[in-house]
Amino acid sequence: MRETDETEDQEGVRACPECESDNLVKDSDRGELICEDCGLVVEEEKIDPGPEWRAFNHQERQEKSRVGAPTTQTMHDKGLTTTIDWKDKDAYGRSISSKKRSQMHRLRKWQERIRTKDAGERNLQFALSEIDRMASALGVPRSVREVASVIYRRALKEDLIRGRSIEGVATSALYAACRKEGIPRSLEEISEVSRVERKEIGRTYRYISQELGLEMRPVDPKKYVPRFCSELELSEEVQTKANEIIEKTAEEGLLSGKSPTGYAAAAIYAASLLCNEKKTQREVADVAQVTEVTIRNRYQEQIEAMGIHG
């Protein structure tokens, strides 16, 4: 009889201790090593990283949790600081005395002062609050704010802010983050919520993306179509037709070197005519923030490429 070394050697389990089969399968979901022939669970490695307590709703989860909020790049100290509540109440919800109230007011003031230990941190705090303000005004998701904050921190670390305004670099970081996350906003839309001119944003954005090697791909005009159609109150049919026009004409090479917002606007204008939901060039231009001349030029190119006679 062949002697089997219990079940394992230095490299792991070799055979089933029950039927001596070497047909063992690892179940990665449950962390078990199972013998396929007799069904014996040879090894169990499942570790539960979750808490030891159970909660059945959000309130219970909040009460039992012993950790704070997750760290975030959108705050200069990554959210690891202590905050003193603005409500002048004690642990039981009762109002505190006027003496205690003035003491808490002083503590709050000093808390704000010591959160930023030097000018660099104060600048970072200002820049990140600007990114947060602009992101809220644009209505972009939280992920974009996080990415913008990371880009700004990288620019600060690489000393790219020297000689440039904090607002300019912060706005450029937000514009880059929007493109990275596939939620394009045009330079015109970004400059509307910024305190910096469009030209400076574009110049700073090009410099930062080049220096940090952000490798931005050109924006797909189709990403603008749903938003523009929604603002113009156009149907799903027009949206589909506009995407079709963009796809077919881009294959012909018409998109090269053209503004994606203008290109999308012209496709929507063409689609609205084809679907009998006519919108004027002025209306489409206002929503896309491009000129009527741009729409006319792109529209003519697109209908010629499609073989449609306007």
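Here the sequence shown is numbered in the numbering used here, starting from 212 and rising by one per residue. We put the CB at the ideal spot given by N, CA and C, even for glycine.
| query | result |
| --- | --- |
| Does the count of Cβ pairs from the region 428-439 and the region 457-476 closer than 8 Å reach three? | yes |
| Inspect the beta-carbon positions of I401 and R414 and report whether they are closer than 9 Å. | no |
| According to the Cβ coordinates, are R459 and L485 closer than 9 Å? | Strictly speaking, residue 459 in this sequence is Lys, with Arg absent from that position. No; because the gap between Cβ atoms is not below 9 Å, this pair is not in contact. |
| What are the residues that DSSP puts in a beta bridge with V236? | I245 |
| Are the region 351-364 and the region 383-398 touching, with three or more C-beta to C-beta distances below 8 Å? | yes |
| Where does the unbroken beta strand (DSSP E) through V407 begin, and where does it stop? | First-last for V407: undefined, no H or E at that position. |
| Helix or strand or just coil, what does DSSP make of K452? | helix |
| Do you know offhand how far Y510's Cα is from A461's? | 13 Å |
| Can you tell which of Y303, E444, V380, E254 has the C-alpha that lies nearest to the C-alpha of Y169? | Because the chain in this structure spans residues 212 to 521, residue 169 falls outside the shown range and cannot be described. |
| Taking only the alpha-carbon atoms, compute the straight-line gap between S313 and R390 and give it to the nearest angstrom. | 47 Å |
| What runs of the beta strand (DSSP E), each 3 residues or longer, lie entirely inside the region 272-340? | none |
| Compare the C-alpha of G393 against each of S354, N268, I506 and name the closest. | S354 |
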